[in-house]
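Protein chains in written order, with the numbering used here: chain V, 428 to 688; chain Y, 428 to 688.
Backbone N, C-alpha and C fix where the C-beta goes; we use that ideal spot for every residue, glycine too.
From a predicted model like this one, the values you see are computed outputs, not experimental measurements.
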């Protein structure tokens, strides 16, 4: 059953440098955290190379399925920046210089420095509106439900601020986390029971393993699990979390070794 | 034109915690860097939530298109670990306890502690072979061209080591990077010319912006661009990079301010 209060988004990360492992993407997580308070859930993400056919196929698959699509990367002045043309092709629209984008960029450069390649950064598909940012003059753009943003994280973040007023508001997901000094397997059965009794929330279980060697002593293994209850109804989240907490206490965990966040 | 020497892979990251922005994925980049020396290129990545239909659709789309698929996440003992069942459904195969996986896990736990939930970690689709790891007893598995791995980065990395001998070897991509103290727009035109003359390589241009405030002085803006030449023919990569370097020198950049890596 599709939740009528749920607004969905997809993230499309464009760029060879991410897929090759040269650059660690941080934009997906930043977009998801930005959209959370709007009640917009990132429901899927795709990462594609700098190849027009791949970008077109992905953006068309995503924009028909989710309320919003956010792309990052490929809007600079160099030959490998092909996102504007790819988005134009996906929508079947011509791509041309946007007068306001040209003006924004022209103001930034000395007269002789505003060359043809830099003017390329003003090219957007017909009918698109600009997405400005406080860091650089080069804008992104919005076309229907697709927001096209820069790949540089600081510029991408500034573009999200410009996009914010255009977004619908849903009911935000509330998330409550309890960190317990127990392995997952010890609590899995009871946890599944709580999930069954609270179908309105999702309960995630994330084990962690860390080694610490304080004061030169032999490394000590620290095992634990983060239990995360997520949902749009705060009463249900609290009720489910109270049961999760009791589950840990039933396992003999001391109350002061439970960490809530 | 598909390069006959090119072996392709897709990465499928499974988990609500990544899409919500709670957890920063690092597995995609780690897998890409691991596969590089094998001559295997990560050509696409998808991130999906803990929803069976989403996992099934993604793994079926990817396994038919790429030589290999690597999944991460969802193979633990809790109710939200649904990857084995989803992969079984994608292949139309029954999922059952694997005898060797059961034995591996049984050896790890005290007799009373090897409960039903922990036994779930031994469930794999019929015909799958195990992917072991040196960190935990719980195995991943391989079914045809799909490798199913843990989400915890340290365990995922250990599973890659186990998978390595099963992988085909292609011609690795050679990557050469020149960092120049120039904005992208100043060199974009000449760079496009080099790309046209060297169609066998791909030239990527990645601008960076950093602010530094050494010794309490006003922050100074540092702008530059990383120029990356990638290709399978080292002579072509070197020749193209020599032209990229000359391009920077022609812009008046001092040779000792060019950084090659």
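Neighbour flag for residue 675 of chain Y against chain V, beta carbons, 8 Å: One-based indexing of the second chain puts residue 675 of chain Y at position 248. No, residue 675 of chain Y lies away from the interface with chain V (no Cβ there is under 8 Å from its Cβ).
Is residue 681 of chain Y helix, strand or coil when you go by DSSP? Along the second chain, read from residue 1 onward, the residue named residue 681 of chain Y stands at position 254. Three-state DSSP puts residue 681 of chain Y in coil, outside helix and strand.
Name the chain Y residues that come within less than 9 Å of residue 475 of chain V, Cβ to Cβ? Within the first chain, the letter at position 48 stands for residue 475 of chain V. 470, 471, 472, listed in chain order.
DSSP state of residue 578 of chain V, grouped into three classes? As a working note, residue 578 of chain V is residue 151 in the first chain. Three-state DSSP puts residue 578 of chain V in coil, outside helix and strand.
Can you find a C-beta in chain Y that's less than 8 Å from the C-beta of residue 632 of chain V? On the first chain, residue 632 of chain V is found 205 positions in, with the first residue counted as 1. Judged by the 8 Å Cβ criterion, residue 632 of chain V is in contact with chain Y.
In this structure, what does DSSP give as the bridge partners for residue 423 of chain V? Residue 423 of chain V is absent from the model: chain V starts at 428 and stops at 688.
Check the Cβ of residue 611 of chain Y against every Cβ in chain V and list those closer than 7 Å, keeping chain order. Here residue 611 of chain Y refers to the residue found at position 184 of the second chain. Those within 7 Å of residue 611 of chain Y in chain V are 503, 504, 505.
Straight-line Cα distance separating residue 464 of chain Y from residue 671 of chain Y: What you label residue 671 of chain Y is simply residue 244 of the second chain in a count that begins at 1. What you label residue 464 of chain Y is simply residue 37 of the second chain in a count that begins at 1. For residue 671 of chain Y and residue 464 of chain Y, the distance between alpha carbons rounds to 25 Å.
Which of helix, strand or coil does DSSP assign to residue 471 of chain Y? Position 44 of the second chain, counting from 1, holds the residue named residue 471 of chain Y. In this structure, residue 471 of chain Y counts as strand in the three-state DSSP scheme.
Take residue 442 of chain Y as the anchor and find which of V:630, V:684, V:685 has the nearest alpha-carbon. Your numbering for residue 442 of chain Y matches position 15 in the second chain. It is V:630.
Just to confirm my understanding: we take residue 495 of chain Y, look at its own chain, exclude 5 residues before and 5 after, and list those with CB closer than 6 Å. What are they? To locate residue 495 of chain Y, count along the second chain from 1; it is residue 68. Once the five neighbours on either side are set aside, the close Cβ partners of residue 495 of chain Y are 436, 572.
Name, going along the chain, the residues of the region 540–557 of chain V whose beta-carbon falls closer than 9 Å to a beta-carbon of chain Y. The residues in question are 540, 541, 542, 543, 544, 545, 547, 548.
Determine the burial state of residue 506 of chain Y: buried for a count of at least 16 other Cβ atoms within 10 Å of its Cβ, exposed for fewer. Within the second chain, the letter at position 79 stands for residue 506 of chain Y. That one is buried.
Where residue 635 of chain V falls, given that 16 or more other Cβ within 10 Å makes a residue buried: Against the first chain, residue 635 of chain V aligns to sequence position 208. With fewer than 16 Cβ atoms within 10 Å of its Cβ, residue 635 of chain V is classed as exposed.
Reference residue 652 of chain V; option with closest CA among V:633, V:669, V:665: On the first chain, residue 652 of chain V is found 225 positions in, with the first residue counted as 1. If we check each option's Cα against that of residue 652 of chain V, V:633 comes out closest.
Is residue 483 of chain Y helix, strand or coil when you go by DSSP? Residue mapping note: residue 483 of chain Y aligns to position 56 of the second chain, counting from 1. Helix, per DSSP.
Please state whether the Cβ-Cβ distance between residue 605 of chain Y and residue 565 of chain Y is less than 8 Å. Position 178 of the second chain holds residue 605 of chain Y. Position 138 of the second chain holds residue 565 of chain Y. Going by C-beta atoms, residue 605 of chain Y is not nearer than 8 Å to residue 565 of chain Y.
By alpha-carbon positions, which one of Y:527, Y:650, Y:608, Y:661 ends up nearest to residue 678 of chain Y? Position 251 of the second chain, counted from the first residue, corresponds to residue 678 of chain Y. Taking only the C-alpha atoms, the option nearest residue 678 of chain Y is Y:608.
Have a look at residue 472 of chain V and residue 570 of chain V and give me their C-alpha separation to the nearest angstrom. As a first step, residue 472 of chain V is located in the first chain; it is residue number 45 there, counting from the start. As a first step, residue 570 of chain V is located in the first chain; it is residue number 143 there, counting from the start. Distance between the alpha carbons of residue 472 of chain V and residue 570 of chain V is about 19 Å.
Give a yes or no on whether 8 Å exceeds the smallest Cβ distance from residue 588 of chain Y to chain V. On the second chain, position 161 is the one that residue 588 of chain Y refers to. Chain V, which has no Cβ nearer than 8 Å to the Cβ of residue 588 of chain Y, makes this no.
Are the CB atoms of residue 603 of chain Y and residue 668 of chain Y nearer to each other than 8 Å? The residue you call residue 603 of chain Y lines up with position 176 of the second chain. The residue you call residue 668 of chain Y lines up with position 241 of the second chain. Yes, the pair counts as a contact, with Cβ atoms nearer than the cut-off.
Say whether the region 515–523 of chain V touches the region 542–552 of chain V, bearing in mind that this needs 3 or more beta-carbon pairs closer than 8 Å, one atom from each stretch. yes
Where do the N-terminal and C-terminal ends of the alpha helix (DSSP H) with residue 545 of chain V fall, by residue? For the purposes of this step, residue 545 of chain V is identified with residue 118 of the first chain, where counting begins at 1. Element bounds for residue 545 of chain V: 543–546.
Residues of the region 566–582 of chain V with a CB closer than 9 Å to any CB of chain Y: list them in chain order, please. 578, 579, 581, 582
From Y:452, Y:447, Y:446, Y:448, residue whose alpha carbon lies closest to that of residue 446 of chain V: For the purposes of this step, residue 446 of chain V is identified with residue 19 of the first chain, where counting begins at 1. Residue 446 of chain V has its Cα closest to that of Y:452, out of Y:452, Y:447, Y:446, Y:448.
Nearest to residue 508 of chain V by CA position, among V:548, V:524, V:574, is which residue? For this step, residue 508 of chain V is matched to residue 81 along the first chain. Measuring from the Cα of residue 508 of chain V, the nearest candidate turns out to be V:548.
What residues in its chain sit with their C-beta under 8 Å from that of residue 674 of chain V, if we drop five residues either side in the sequence? Locating residue 674 of chain V in the first chain gives position 247, where the first residue counts as 1. So the list reads 614, 617, 618, 621, once near-sequence residues are dropped.
Sequence ranges, alpha helix (DSSP H) only - wholly within the region 506–571 of chain V, length at least 4: 510–518, 526–533, 543–546
Measure the beta-carbon distance from residue 563 of chain V to residue 582 of chain V and round it to whole angstroms, keeping in mind my assumption that it falls under 8 Å. Position 136 of the first chain holds residue 563 of chain V. Position 155 of the first chain holds residue 582 of chain V. Confirmed, Cβ separation roughly 5 Å.
Measuring alpha carbon to alpha carbon, tell me which residue in V:450, V:577, V:558 is nearest residue 594 of chain V. Translated into positions along the first chain, residue 594 of chain V becomes position 167. Nearest C-alpha to residue 594 of chain V: V:558.
Quick one: is residue 510 of chain Y near chain V, going by C-beta distance under 8 Å? Residue mapping note: residue 510 of chain Y aligns to position 83 of the second chain, counting from 1. For residue 510 of chain Y, the answer is no, since every Cβ of chain V falls outside 8 Å of its Cβ.
Would you kindly check if the distance between the Cβ of residue 575 of chain Y and the Cβ of residue 467 of chain Y is under 8 Å? Looking up residue 467 of chain Y in the second chain gives position 40. Looking up residue 575 of chain Y in the second chain gives position 148. Cβ distance not < 8 Å, so residue 467 of chain Y and residue 575 of chain Y don't count as in contact.
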